[in-house]
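K.L.:
Take this structure first; my questions come after.
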Amino acid sequence: MVKPYLSENLRLSLNISAIFCSSELTLPMAHSSDYRLLLFVFAAAFLLLQYFFWIHPTKIRNVTVKNSAFIDNAKGFFDYSAENDSRRSPNDWENARRRLDEYKRGVAAKPSMKEFVRLLKKQTECSDLVQFGDDYGRHFICSPSVIVRKPRCVIYSIGVSGEIPFESAFQKYANNKCQVVLIDKHKSKQDFSSLNGHFMHLESVGTHQKDVSKWKIPFSETLRQNNHFSVSILKLNISEASEGLGHEIEILESTLLDFDVLHVVMTLNTAPVYMAGVLHTFENMGYALYAFEADSKKNNTLITSHFMIRDLRLHGFSKFAGKYYTPNESLE
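Just so you know, we're using the UniProt record's numbering here: the sequence shown kicks off at 1 and counts up by one.
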């Protein structure tokens, strides 16, 4: 029995063939039989294509990562094999993810930084990973040449505390092409003009707007005032706070809908339970972890680099391996 889909297209193809091959079709007098033969071949090819799609139906992949519309359009760029393999090898991917969830919920027995770092996994690989800065502030950036080649390069650094080795090293690499905006809650008299940067004194850059004084404005409003709707690198220093993960996480949440923030590099000065929460939050916001290291000279300090999943393919990354820092629903 022929499926309705096929029979409908079969009738359409036969009708087309009949029209093309009928003597009523007005064709040039010369070589009219050749025209009919050519048109009949096209109609037959169309019918064969319909039959092919009937016996080879298109498979649709259910995408669970944020920015799914962009991922659907990537046509196979995103690879979920790592997550699928975890079902066959639970001692690696799934067990590690369960343990990370215990850290996030604060129920892990004797949580240690050393064990926590062993559980971390990169979600994508970079073939051109470059470190900028020194022991007082360093971060890894993937394909910095791609950033420099862009018509506009913008770097925001929040929580500078007067130390800017990362910003200085990157600007040296970029020949001061990037605009650098440094934000801190403490006032500074330091001159950043040689860095092609300027300093902003803001006590709070979160989403809360109860106090609309000069020194407390949302980060998204700061970007609008500076006409920066795309940020190449956002650098954050995140420390343990009395209210959840602190306002630093709110900084990114308040900008994702209206602004493109590509690289997010962080220094996490927190207990592992907070670090697990930060990684979970960033994954849910559509970012992939591509580099990390523990600072051996500082206790409970993790240095991370994330990139927007949506644009991984355009900036020199390998395939996205799938979600890792968000546990399955059955684990929560």
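Beta carbons are placed, not taken as given, at the ideal position from N, Cα and C, and that holds for glycine.
Note that this is a predicted model, so its numbers are computed, not measured.
Could you tell me the alpha carbon to alpha carbon distance between residue 220 and residue 260, rounded to whole angstroms?
P.N.:
The residue given as residue 220 occupies position 220 in the sequence shown. The residue given as residue 260 occupies position 260 in the sequence shown. Using only the alpha carbons, I get a separation of about 11 Å.
K.L.:
Any idea what DSSP makes of residue 266, helix, strand or coil?
P.N.:
As a first step, residue 266 is located in the sequence shown; it is residue number 266 there, counting from the start. It is a strand residue.
K.L.:
Using the Cβ count rule (16 or more neighbours within 10 Å means buried), how would you classify residue 34?
P.N.:
Position 34 of the sequence shown, counted from the first residue, corresponds to residue 34. With fewer than 16 other Cβ atoms within 10 Å, it is exposed.
K.L.:
Apart from the five residues on each side of it in sequence, which residues of its chain come closer than 6 Å, Cβ to Cβ, to residue 269?
P.N.:
Walking along the sequence shown from the start, residue 269 turns up at place 269. The answer, listed in chain order, is 239, 301.
K.L.:
On the CB-based measure, 16 or more other CB atoms within 10 Å of its CB, does residue 97 come out buried or exposed?
P.N.:
Here residue 97 corresponds to residue number 97 of the sequence shown, with the count starting at 1. Looking at its Cβ environment, which holds 16 or more other Cβ atoms inside 10 Å, residue 97 is buried.
K.L.:
On the CB-based measure, 16 or more other CB atoms within 10 Å of its CB, does residue 163 come out buried or exposed?
P.N.:
Taking the first residue of the sequence shown as 1, we reach residue 163 at position 163. So residue 163 counts as exposed.
K.L.:
Any idea what DSSP makes of residue 277, helix, strand or coil?
P.N.:
For the purposes of this step, residue 277 is taken as the residue at position 277 of the sequence shown. Assignment of residue 277 by DSSP, reduced to helix, strand and coil, places it in the helix class.
K.L.:
Compute the distance between the beta-carbons of residue 148 and residue 172, then report whether it is under 8 Å.
P.N.:
Translated into positions along the sequence shown, residue 148 becomes position 148. Translated into positions along the sequence shown, residue 172 becomes position 172. Going by C-beta atoms, residue 148 is not nearer than 8 Å to residue 172.
K.L.:
Tell me the DSSP bridge mates of residue 237?
P.N.:
Start at 1 with the first residue of the sequence shown, and residue 237 comes out as number 237. DSSP output for residue 237 lists 267 as bridge partner(s).
K.L.:
If you draw a straight line from the C-alpha of residue 103 to the C-alpha of residue 277, how long is it?
P.N.:
Position 103 of the sequence shown, counting from 1, holds the residue named residue 103. Position 277 of the sequence shown, counting from 1, holds the residue named residue 277. Going from the Cα of residue 103 to the Cα of residue 277 covers about 8 Å.
K.L.:
Please classify residue 296 as buried or exposed, where buried requires at least 16 neighbouring CB atoms within 10 angstroms.
P.N.:
What you label residue 296 is simply residue 296 of the sequence shown in a count that begins at 1. Exposed, because fewer than 16 other Cβ atoms sit within 10 Å of the Cβ of residue 296.
K.L.:
Does the separation of the CB atoms of residue 320 and residue 309 fall below 8 Å?
P.N.:
Here residue 320 corresponds to residue number 320 of the sequence shown, with the count starting at 1. Here residue 309 corresponds to residue number 309 of the sequence shown, with the count starting at 1. Contact: yes.
K.L.:
Below 8 Å on the Cβ atoms is my contact criterion, and I expect residue 180 with residue 197 to pass it. Report the Cβ-Cβ distance as a whole number of Å.
P.N.:
For the purposes of this step, residue 180 is taken as the residue at position 180 of the sequence shown. For the purposes of this step, residue 197 is taken as the residue at position 197 of the sequence shown. So it is a contact: roughly 3 Å between Cβ atoms.
K.L.:
So, for residue 100: in the same chain, excluding its five sequence neighbours on each side, which residues have a beta-carbon less than 6 Å away from its beta-carbon?
P.N.:
Here residue 100 is taken as the residue at index 100 of the sequence shown, counted from 1. Only 119, 276 meet the Cβ criterion.
K.L.:
Taking its Cβ as the centre, do 16 or more other Cβ atoms sit within 10 Å of residue 265, making it buried, or is it exposed?
P.N.:
Position 265 of the sequence shown holds residue 265. That one is buried.
K.L.:
Using three-state DSSP, classify residue 43 as helix, strand or coil.
P.N.:
For the purposes of this step, residue 43 is taken as residue 43 along the sequence shown, with counting starting at 1. In the structure shown, residue 43 sits in a helix (DSSP, three-state: H, G or I).
K.L.:
If you count every other CB in all the chains shown that lies within 10 Å of the CB of residue 109, and 16 or more means buried, which is it?
P.N.:
What you label residue 109 is simply residue 109 of the sequence shown in a count that begins at 1. Classification of residue 109: exposed, given that the 10 Å Cβ count is below 16.
K.L.:
With residue 138 as the anchor, note down where its beta strand (DSSP E) starts and where it stops.
P.N.:
In the sequence shown, the residue the question calls residue 138 occupies position 138. DSSP places residue 138 in the uninterrupted beta strand (DSSP E) bounded by 137 to 142.
K.L.:
Among 44, 134, 40, 122, which one has its Cα closest to the Cα of residue 324?
P.N.:
Indexing the sequence shown from 1 puts residue 324 at position 324. Measuring from the Cα of residue 324, the nearest candidate turns out to be 122.
K.L.:
Grab me the residues of residue 192's own chain with a C-beta within less than 8 Å of its C-beta, minus the 5 sequence neighbours each way, in chain order.
P.N.:
By 1-based counting over the sequence shown, the position of residue 192 is 192. Counting only Cβ-Cβ distances below 8 Å, and skipping sequence neighbours, we find 164, 180, 182, 198, 199.
K.L.:
Following a CB-centred definition, is residue 114 positioned closer than 7 Å to any heavy atom of the ligand GDP?
P.N.:
The ligand content of the structure shown is nil, which means the ligand GDP is not present either.
K.L.:
Applying the criterion that 16 or more other CB atoms from any shown protein chain within 10 Å of the CB defines a buried residue, is residue 78 buried or exposed?
P.N.:
Position 78 of the sequence shown holds residue 78. In this predicted model, residue 78 has a pLDDT of only 37, less than 50, meaning its place in the structure is not dependable; the value taken from the coordinates is given anyway. Burial call: buried.
K.L.:
Do residue 306 and residue 288 have their beta-carbon atoms positioned less than 8 Å apart in this structure?
P.N.:
For this step, residue 288 is matched to residue 288 along the sequence shown. For this step, residue 306 is matched to residue 306 along the sequence shown. Contact: yes.
K.L.:
My guess is that residue 166 and residue 139 are in contact by the Cβ rule of under 8 Å, so how many angstroms apart are they, rounded?
P.N.:
Taking the sequence shown and counting its residues from 1, the one referred to as residue 166 is at position 166. Taking the sequence shown and counting its residues from 1, the one referred to as residue 139 is at position 139. Going by Cβ atoms, the distance from residue 166 to residue 139 rounds to 5 Å, so yes, they are a contact pair.
K.L.:
Hey, how far is the Cα of residue 94 from the Cα of residue 280?
P.N.:
Translated into positions along the sequence shown, residue 94 becomes position 94. Translated into positions along the sequence shown, residue 280 becomes position 280. Cα to Cα, residue 94 sits roughly 15 Å from residue 280.
K.L.:
With DSSP as the reference, please indicate the residues paired to residue 304 in a beta bridge.
P.N.:
Position 304 of the sequence shown, counting from 1, holds the residue named residue 304. Per DSSP, 266, 292.
K.L.:
Take residue 282 and list the residues in its own chain whose beta-carbon comes closer than 8 Å to its own, dropping the five residues that flank it on each side.
P.N.:
By 1-based counting over the sequence shown, the position of residue 282 is 282. Residues of the same chain with a CB within less than 8 Å of the CB of residue 282, apart from the 5 flanking positions on each side, are 252, 264, 289, 306, 325 in chain order.
K.L.:
Would you give the residue range spanned by the beta strand (DSSP E) that residue 190 belongs to?
P.N.:
For the purposes of this step, residue 190 is taken as residue 190 along the sequence shown, with counting starting at 1. Unbroken run through residue 190: none, as it is neither H nor E.
K.L.:
Would you call residue 137 buried or exposed, if buried means 16 or more other Cβ atoms sit within 10 Å of its Cβ?
P.N.:
The residue given as residue 137 occupies position 137 in the sequence shown. The residue in question, residue 137, is buried, as its Cβ has 16 or more Cβ neighbours within 10 Å.
K.L.:
In terms of residue numbering, what span does the beta strand (DSSP E) encompassing residue 180 cover?
P.N.:
Here residue 180 corresponds to residue number 180 of the sequence shown, with the count starting at 1. Residues 179 to 184.
K.L.:
Is it right to say residue 209 is buried, meaning 16 or more other beta carbons lie within 10 angstroms of its own, or is it exposed?
P.N.:
Within the sequence shown, residue 209 is the residue found at index 209, counting from 1. Residue confidence is low: residue 209 scores 46 on pLDDT, short of 50, so the model does not pin down where it sits. Its coordinate-derived value is still stated next. Classification of residue 209: exposed, given that the 10 Å Cβ count is below 16.
K.L.:
Grab me the residues of residue 153's own chain with a C-beta within less than 8 Å of its C-beta, minus the 5 sequence neighbours each way, in chain order.
P.N.:
Residue mapping note: residue 153 aligns to position 153 of the sequence shown, counting from 1. Closer than 8 Å at the Cβ level, and outside the excluded window around residue 153, lie 147, 174, 177, 178, 179, 232.
K.L.:
What is the DSSP secondary structure of residue 35, reduced to helix, strand or coil?
P.N.:
Indexing the sequence shown from 1 puts residue 35 at position 35. Looking at residue 35 - three-state DSSP - the assignment turns out to be helix.
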